[in-house]
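What follows is a short report on a single structure.
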Amino acid sequence: MHIVMRRLLVMYCSLAVLVVTSASQMVITTWSAERFQSATERAWTTLRDSDDRIESLLDGLSECERLQCDGTVGFGGSPDESGETRLDALIFDGYYL
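Using the numbering used here, read the sequence shown as starting at 1 and increasing by one per residue.
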């Protein structure tokens, strides 16, 4: 399990989580809405074709941003307390810890 955890890559963007593990080549999302599924399929296609975990996540999240998934991700999404929509995300690659 320690080896798998070291190679785990997690992306958190709003309420959607995509996880890619190099050990089993899979992409997981926590939301089942059609637009999130499209973003997950985009991430999987990139992972399958290029084997690049970071690029896979970026492609999947870019698709989610483009589609505005559930209305909270991407332009026009939920504003913060000052009324601004801030686009921020985090990529964590446990391989380099």
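Ideal placement from N, C-alpha and C gives every residue a C-beta, glycine not left out.
Residue environment, residue i, which counts as buried when at least 16 other CB atoms sit within 10 Å
{"i": "residue 46", "result": "buried"}
{"i": "residue 59", "result": "buried"}
{"i": "residue 43", "result": "buried"}
{"i": "residue 34", "result": "exposed"}
{"i": "residue 100", "result": "The requested residue 100 is not part of the displayed model; the chain covers only 1 to 97."}
Spatial neighbours of residue i in its chain, beta-carbon cut-off 8 Å, leaving aside the 5 residues before and after
{"i": "residue 52", "result": "46"}
Spatial neighbours of residue i in its chain, beta-carbon cut-off 7 Å, leaving aside the 5 residues before and after
{"i": "residue 55", "result": "46"}
{"i": "residue 38", "result": "63 and 67"}
Spatial neighbours of residue i in its chain, beta-carbon cut-off 6 Å, leaving aside the 5 residues before and after
{"i": "residue 77", "result": "85"}
- Task: Just list the alpha helix (DSSP H) runs in the stretch 22 to 91, keeping only unbroken ones of 4 residues or longer that don't cross its boundaries, in chain order.
- Result: If we require 4 residues or more, the alpha helix (DSSP H) runs fully inside the stretch 22 to 91 come out as 34 to 50 and 53 to 67.
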